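Some notes on the structure that comes next.
Below is the structure:
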């Protein structure tokens, strides 16, 4: 295992310490229990709180800041944060309008966020993100997994919350955006969890895992390596079959790197995806290309489509200022 | 070789096509010869033009836009762009105040930019960046290599150019910033050049290359894998011996991922570097952590220090709007 680290047991705390120092204009790091909070809260605004296992950086802590999340709870690598982290984060983020939990659909996360929702002394609601169309159930999940589409939900619901919308409105918008967002990924290599020290799964030199999960969970099939065009076609066929966008639909396309794939390849995959979509009469109106929901050093990428309407497009375009996503401010 | 691509020969053109579509609000892509130009030029502003081999994305094309470059010339992977690309880019970017070429110190780049400087019909000057303190000469270089410090030069000189400074002032500032910027990196794995199809060099499972170049050139020594603290200490000892910053100096610290290393590890390395610097009485006043000058999918990272004064700090903080770096706008 080759990683920039000292002791395995200190991996998360040292990484978070670096993150907190680098971005102390935007966020603060709380310890015991661990959560990251927006430095400046807005009174009376619905607070968005998310969290999940670490190893998916910049998700979620990298999206805490104006226009997105108010707090995020990082668990150990690929391990759900605990209910006490969530309760503390929610209570520290609430300014009177309640808390909206944004939860990726993994059994551990769902259970702990449900427990936190009951325990915490704050009016709250939950948006569940389950955008991964690769498999219906998996080793970590009942129902579809939540993956990179979560970033879109956090961006646009975060924007709505900044306008002063109430908790029910934010929850309804989040549910709607989650429903019109779908993702699927492919892995070329496994990641290595620091505490395990070895690869999560093994792939031959000419193999890829189609529909891989962001923890290295199995996808739909193990296949021979294919061209970018063939990969984008397979992923998009599945995504489009799920979303069923009519011809002429405007899309937000997210090409997400899983951690070990160079930016040049992600742009190439975007080019391939755009051509495929245009051949189907679909329009790429917005795009985001980069590593936003990673799986440690895994090589590979995922494609996410979100069908846009005026409201979603408007909230995608609003200013945002977080460690990982920043524009217009 | 596992890459998101179709035919090797189309790798660069398809990647650039994706890049150009994704960022057509900021840049335009010219073909025959290939260069990327800012969509909107400012009349009478000194134009900054850079370029170099591809495979280091987002460098350089990702830094074309308001506050940084006016144009960039991408060569084939790890291959200098040609003089005709540079001449065309310079002539397309010039609006009357001349062109400043920002050139990383590699023999091919230097020769071609010199030829372009002579051939082109535009008043011009050149800033040479040679921030890599690992080795004095290398397989690709006479003198020190230019690496991630180039991004700092492009940011702050780009900012000065926006104020209406003339070509001589921009050149002098660039030379000064390049002199107070130093870098050194470490690799855990080799990259694979698409046209080669195999790793550039081989490392054992417990080895790292200390002082590696961004094309996989040899560094100072092949060593056993070490902790993040030991690595940051070795890199910073060398960098600080070069810059000789007095106690109390304010620094800009850039932790640059080489392409295959997760963000969480880069933050951990930053944490380690910050502690080392503070023990030496140096102050981390600004930081940037991410993949800004990569070496395809190489795992590893580099550290760059730039000693700040009021002028450099002010120009670091100004708004920027490029595909890869964006704030305040």
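Protein chains in written order, with our numbering: chain A, 1 to 329; chain B, 1 to 329. Even glycine gets a Cβ: it sits at the ideal position worked out from N, Cα and C. Keep in mind the model is a prediction, meaning the values are calculated, not measured.
| beta strand (DSSP E) segment containing residue 214(A), residue limits | In the first chain, residue 214(A) corresponds to position 214, counting from 1. It is not in any beta strand (DSSP E) - residue 214(A) carries neither H nor E in the DSSP assignment.
| message | Quick check: what's the CA-CA separation for residue 204(A) versus residue 226(A)? | response | Taking the first residue of the first chain as 1, we reach residue 204(A) at position 204. Taking the first residue of the first chain as 1, we reach residue 226(A) at position 226. Their backbone Cα atoms lie some 13 Å apart in a straight line.
| field | Three-state secondary structure (DSSP) of residue 106(B) | value | The residue given as residue 106(B) occupies position 106 in the second chain. Three-state result, residue 106(B): coil.
| message | Could you tell me which whole beta strand (DSSP E) segments of length 3 or greater appear in the region 60-133 of chain A? | response | Whole beta strand (DSSP E) segments, 3+ residues: 71-77, 99-104, 124-129.
| message | Taking only three categories from DSSP, how would you classify residue 207(A)? | response | For the purposes of this step, residue 207(A) is taken as residue 207 along the first chain, with counting starting at 1. In the structure shown, residue 207(A) sits in a strand (DSSP, three-state: E or B).
| task | Specify the secondary structure class of residue 174(B) as computed by DSSP and reduced to three states. | result | For this step, residue 174(B) is matched to residue 174 along the second chain. Note: residue 174(B) maps to helix in three-state DSSP.
| query | Can you tell me whether DSSP reads residue 271(A) as helix, strand or coil? | reply | Here residue 271(A) refers to the residue found at position 271 when the first chain is read from its first residue. Residue 271(A): helix per DSSP, three-state reduction.
| Can you give the beta carbon distance from residue 294(B) to residue 64(B), rounded, assuming they're within the 8 Å contact cut? | As a first step, residue 294(B) is located in the second chain; it is residue number 294 there, counting from the start. As a first step, residue 64(B) is located in the second chain; it is residue number 64 there, counting from the start. Actually they do not touch by this definition, with Cβ atoms about 17 Å apart.
| In or out: residue 97(A) buried (at least 16 other Cβ within 10 Å) or exposed? | Here residue 97(A) is taken as the residue at index 97 of the first chain, counted from 1. Residue 97(A) is buried by the Cβ-count criterion.
| request: Compute the Euclidean distance between the alpha carbons of residue 213(B) and residue 134(B), then round it to the nearest angstrom. | output: Here residue 213(B) is taken as the residue at index 213 of the second chain, counted from 1. Here residue 134(B) is taken as the residue at index 134 of the second chain, counted from 1. Whole-angstrom Cα-Cα distance: 8 Å.
| So with Cβ pairs under 8 Å, would you call residue 5(B) a contact of chain A? | Counting from one through the second chain, the residue named residue 5(B) turns up at place 5. It does; some Cβ of chain A falls within 8 Å.
| field | Buried versus exposed call for residue 215(B) [16 or more other C-beta atoms within 10 Å across all chains shown] | value | For the purposes of this step, residue 215(B) is taken as residue 215 along the second chain, with counting starting at 1. Flag for residue 215(B) reads buried.
| said: Measuring straight from C-alpha to C-alpha, what distance separates residue 2(B) and residue 146(B)? | reply: As a working mapping, residue 2(B) is identified with position 2 in the second chain. As a working mapping, residue 146(B) is identified with position 146 in the second chain. In this structure, the straight-line span from the alpha carbon of residue 2(B) to that of residue 146(B) is close to 28 Å.
| request: My understanding is that residue 316(A) touches residue 155(A), with C-beta atoms under 8 Å, so please give their C-beta distance in whole angstroms. | output: Walking along the first chain from the start, residue 316(A) turns up at place 316. Walking along the first chain from the start, residue 155(A) turns up at place 155. About 6 Å; that satisfies the 8 Å criterion.
| Extent of the continuous alpha helix (DSSP H) to which residue 155(A) belongs | Sequence index remark: in the first chain, residue 155(A) carries index 155 (1-based). Start and end: 149-162.
| Selection of the region 215-236 of chain A by Cβ proximity to chain B, strictly under 8 Å | 225, 227, 228, 229, 231
| query | Checking contacts by CB at 8 Å: is residue 81(B) closer than that to chain A? | reply | As a first step, residue 81(B) is located in the second chain; it is residue number 81 there, counting from the start. So no, residue 81(B) is outside the interface.
| Looking at the unbroken alpha helix (DSSP H) that takes in residue 18(A), where does it start and where does it end? | Working through the first chain from its first residue, we reach residue 18(A) at position 18. Start and end: 11-22.
| task | Identify the contact partners of residue 17(A) in chain B, using a Cβ-Cβ distance below 7 Å as the criterion. | result | Counting from 1 along the first chain, the entry for residue 17(A) is found at position 17. Under the 7 Å cutoff, chain B gives 271.
| Candidates 260(B), 248(B), 281(B): closest to residue 297(B) by CA position | Walking along the second chain from the start, residue 297(B) turns up at place 297. Comparing Cα-Cα distances from residue 297(B) to each of 260(B), 248(B), 281(B), the minimum goes to 260(B).
| query | Does residue 239(B) have its Cβ less than 8 Å from a Cβ in chain A? | reply | For this step, residue 239(B) is matched to residue 239 along the second chain. For residue 239(B), the answer is no, since every Cβ of chain A falls outside 8 Å of its Cβ.
| field | the region 245-257 of chain A contacting the region 279-292 of chain A, beta-carbon criterion three pairs below 8 Å | value | yes
| Is the distance from the Cβ of residue 171(A) to the Cβ of residue 269(A) below 8 Å? | In the first chain, residue 171(A) corresponds to position 171, counting from 1. In the first chain, residue 269(A) corresponds to position 269, counting from 1. Not a contact, by the Cβ cut-off of 8 Å.
| Should residue 137(B) be labelled buried (16 or more other beta-carbon atoms within 10 Å of its own) or exposed? | Mapped onto the second chain, residue 137(B) falls at position 137. Residue 137(B) is exposed by the Cβ-count criterion.
| request: Below 8 Å between beta carbons is the criterion; list the residues of the region 45-57 of chain A that meet it against any residue of chain B, in chain order. | output: 54, 55, 57
| task | Examine chain A for any beta-carbon lying closer than 8 Å to the beta-carbon of residue 137(B), and answer yes or no. | result | Working through the second chain from its first residue, we reach residue 137(B) at position 137. Closer than 8 Å: no.
| field | Of the listed residues 105(B), 110(B), 23(B), nearest to residue 38(B) (C-alpha basis) | value | Residue 38(B) sits at position 38 when you count from the first residue of the second chain. Among 105(B), 110(B), 23(B), the Cα nearest to that of residue 38(B) is on 23(B).
| request: Just the chain C side, please: which residues come within less than 8 Å of residue 21(B) by C-beta, in chain order? | output: Here the protein chains are A and B, and chain C is not one of them.
| field | Cβ-Cβ distance between residue 116(B) and residue 148(B) below 8 Å | value | Indexing the second chain from 1 puts residue 116(B) at position 116. Indexing the second chain from 1 puts residue 148(B) at position 148. Against a cut-off of 8 Å, the Cβ pair of residue 148(B) and residue 116(B) comes out as no contact.
| task | Measuring only between beta-carbons, confirm whether residue 256(A) sits less than 8 Å from chain B. | result | Here the question's residue 256(A) lines up with position 256 in the first chain. So, not an interface residue.
| Whose CA, out of 82(B), 49(B), 21(B), lies closest to the CA of residue 33(B)? | Indexing the second chain from 1 puts residue 33(B) at position 33. Here the closest residue by C-alpha is 82(B).
| query | For residue 261(A), which residues in chain B fall below 7 Å Cβ to Cβ? | reply | As a first step, residue 261(A) must be located in the first chain, where it is residue number 261. The contact set of residue 261(A) on chain B, defined by CB atoms closer than 7 Å, consists of 4, 297 in chain order.
| query | Beta carbon of residue 12(A), beta carbon of residue 50(A): below 8 Å? | reply | The count along the first chain starts at 1 and reaches residue 12(A) at position 12. The count along the first chain starts at 1 and reaches residue 50(A) at position 50. Not closer than 8 Å, so no.
| task | In angstroms with no decimal places, state the Cα-to-Cα distance between residue 242(A) and residue 182(A). | result | On the first chain, position 242 is the one that residue 242(A) refers to. On the first chain, position 182 is the one that residue 182(A) refers to. Between residue 242(A) and residue 182(A), the C-alpha separation is close to 7 Å.
| message | Give me the residue from 72(A), 245(A), 130(A), 86(A) with the minimum Cα distance to residue 184(A). | response | Along the first chain, read from residue 1 onward, the residue named residue 184(A) stands at position 184. That would be 130(A), whose Cα lies nearest to the Cα of residue 184(A).
| Neighbour flag for residue 316(A) against chain B, beta carbons, 8 Å | The sequence position of residue 316(A) within the first chain is 316, counting from 1. Closer than 8 Å: no.
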